[in-house]
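Some notes on the structure that comes next.
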Amino acid sequence: MSASKLKRDFYLRNNIILIAQELLGKRICSCQNGKLTSGIIVETEAYAGPEDRASHAYGGKRTQRTEVMYHSGGIAYVYLCYGMHSLFNVVTNRDGIPHAILVRAIEPDRGVDIMLRRRNRNSVSPSLTAGPACLTQALGITTAHNGINLAGKIIWIEDLGIKLRKKYIIAGPRVGVSYAGKDAALPWRFKIRNSNWTSKP
DNA sequence: AAGAGGATGCCCT
DNA sequence: GGGCATCCTCTTC
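The C-terminal residue of the first sequence carries number 221 in the numbering used here, and the numbering is unbroken.
This is the structure:
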């Protein structure tokens, strides 16, 4: 099978919903201190910039934290949640339009032993990488990676040459965004149907 | 300068 | 299935 690193053009498109779906089945790779870990993306959520009340950038809110979302697509937005969890997002679109896609779950691929150690586990189960904070810990991603270029050699995403058909994608409401009013009901959470590696709720 | 709350996961029954 | 850990970010005084 042929794996090719996604190029900048992939992220620069002005269609966050499409990109969030296309990320399913892609492989996210992380190389930290020479240790390679990777997983197949099985769950994502779209956060569509200024119009989306669930987005950190709702209403064009621009702070030190959200600054990265306003850069051109193809970089990572990693922020801290509940004071202890690093959550990994892919920034999309062009300069000035703050779109970001949260990666919520992956299926472990390479470097499983390293992931087990990072997660303090001794056996492989969905809890190893199901959940946005779980997968970042497994991949060794922290807020230190905020703003990093996804075309580089530390964190990147690969196309495995597999086209996932629409019928294998489940769309539903996003997790933990009840404060977002009517935007809370938007079906912008995407999962691969029948995957055992998605997060629960 | 201070306080409230958050795109959660763990560890226990 | 439920309580708790734990600290940064933003808003407001």
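All residues carry an ideal CB built from backbone N, CA and C; glycine is no exception.
Counting C-beta pairs closer than 8 Å gives fewer than three between the region 145 to 160 and the region 68 to 80, which falls short of the contact rule.
Bounds of the alpha helix (DSSP H) holding Glu-42 are 36 to 42. At a Cβ-Cβ threshold of 7 Å, Val-111 and Gly-131 do not count as neighbours. Just measuring C-alpha positions, the residue of Leu-206, Asp-179, Gln-52 sitting nearest Arg-138 is Gln-52. Asn-109 is not a Cβ neighbour of Tyr-90, given a cutoff of 7 Å. Taken in chain order, the complete beta strand (DSSP E) segments of 3 residues or longer contained in the region 128 to 207 are 175 to 179, 189 to 192.
A direct Cα-Cα distance of roughly 7 Å separates Arg-114 from Asn-34. Rounded to whole angstroms, the separation of the alpha carbons of Val-197 and His-119 is 16 Å. Cβ neighbours of Ala-77 within its own chain (closer than 7 Å, five residues either side excluded): Gly-69, Pro-70, Thr-86, Met-89, Pro-118. With a beta-carbon spacing of about 20 Å, Leu-107 and Ile-212 fall beyond the 8 Å limit used to define contacts. The Cβ-Cβ distance between Glu-63 and Thr-218 falls below 7 Å. If you look at Arg-28, you'll find it in the alpha helix (DSSP H) that goes 28 to 32.
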